[in-house]
Amino acid sequence: MEIFTAENVRIGGSAGSKGDVLAQIAAFAVERGYASDAAGVVAGLEARETEMSTALMDGIAIPHTKHAAVEHAALLVQRFDGPVDWSGEDVSVTLAMLVPEAEAGTTHLTLLAQVSRALIDEDLRAVLTGGSAEEIYAELSAKLA
750 MEIFTAENVR IGGSAGSKGD VLAQIAAFAV ERGYASDAAG VVAGLEARET
800 EMSTALMDGI AIPHTKHAAV EHAALLVQRF DGPVDWSGED VSVTLAMLVP
850 EAEAGTTHLT LLAQVSRALI DEDLRAVLTG GSAEEIYAEL SAKLA
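Each residue of the sequence shown is one higher than the last, beginning at 750 in our numbering.
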């Protein structure tokens, strides 16, 4: 199963809180076949957020977890219609990275490094916050190649 596909980009919708966003990420992961248990994914994402907020710049957050509920590594992108309070930051785009526990030291670190490096690019951040799903997929795929 591929980590990132065009179907892993979702635009639109709303969330009332960071917790709502994490629940939507988990449901999306189960829907796409990357995870078996949404509650487990949420628990993993929440545990990571208690260590340090994953909100970055330009309204983007990179929630991530390595958890037993994750069966296949995934990168899921969601852009909401409006911002959500994310530990004091306004976030409207999430790039969620989900990795099986067994791949914690390999896939997790590699994916996190690739996404973090890609987000340095202002053009990519502009596409994430204002481009179409197709543009997001094309631009992010090119950066991760």
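Beta carbons are placed, not taken as given, at the ideal position from N, Cα and C, and that holds for glycine.
- In chain order, what residues of the same chain have a beta carbon less than 7 Å from the beta carbon of F829, not counting five sequence neighbours either side? By one-based count along the sequence shown, residue 829 stands at place 80. The residues are G762, S763, A764, S841.
- Query: Enumerated in chain order, which unbroken segments of the beta strand (DSSP E) with a length of 3 residues or greater are wholly contained in the segment 756 to 784?
  - Reply: 758 to 760
- Rounded distance between the beta-carbons of S766 and A804, thought under 8 Å: Numbered from its first residue, the sequence shown carries residue 804 at position 55. Numbered from its first residue, the sequence shown carries residue 766 at position 17. That pair is no contact at about 13 Å.
- Query: Which class does A823 belong to by DSSP, given the choice of helix, strand or coil?
  - Reply: Counting from one through the sequence shown, the residue named residue 823 turns up at place 74. If DSSP states are grouped into helix, strand and coil, A823 belongs with the strands.
- Query: Is the segment 779 to 786 close to the segment 851 to 867, with three or more CB pairs under 8 Å?
  - Reply: no
- Query: Between which two residues does the alpha helix (DSSP H) containing D839 stretch?
  - Reply: Start at 1 with the first residue of the sequence shown, and residue 839 comes out as number 90. First-last for D839: 838 to 849, but that is the beta strand (DSSP E), not the alpha helix (DSSP H).
- Query: Using the C-alpha atoms, what's the distance from A894 back to R874?
  - Reply: If you number the sequence shown from 1, residue 874 lands on position 125. If you number the sequence shown from 1, residue 894 lands on position 145. Between R874 and A894, the C-alpha separation is close to 17 Å.
- Below 7 Å CB to CB, which residues in the same chain sit around L771 once its five sequence neighbours on both sides are set aside? As a working note, residue 771 is residue 22 in the sequence shown. Excluding sequence neighbours, L771 sits near V791, L794, E795, P812.
- Expressed to the nearest angstrom, what Euclidean distance is found between the alpha-carbon atoms of R897 and L860? Any answer about residue 897 is impossible in this case: the structure gives the chain only from 750 up to 894.
- Item | Endpoints, beta strand (DSSP E) assigned at T803 | In the sequence shown, the residue the question calls residue 803 occupies position 54. Taken as a continuous stretch (DSSP letters only), T803 belongs to no beta strand (DSSP E), as it is neither H nor E.
- Looking at the unbroken beta strand (DSSP E) that takes in T814, where does it start and where does it end? Locating residue 814 in the sequence shown gives position 65, where the first residue counts as 1. Residues 813 to 816.
- I885 by DSSP, collapsed to three states: which one? Against the sequence shown, residue 885 aligns to sequence position 136. Of the three classes helix, strand and coil, the one that applies to I885 here is helix, per DSSP.
- Query: According to the neighbour-count rule (16 or more other Cβ atoms, all chains shown, within 10 Å of its Cβ), is E780 buried or exposed?
  - Reply: Indexing the sequence shown from 1 puts residue 780 at position 31. Exposed: under 16 other Cβ atoms inside 10 Å.
- Task: For P849, count neighbouring C-beta atoms within 10 Å of its own C-beta (all shown protein chains included) and say buried if the count is 16 or more, exposed if not.
- Result: In the sequence shown, counting from the first residue as 1, residue 849 sits at position 100. It is buried - the Cβ of P849 has at least 16 other Cβ atoms within 10 Å.
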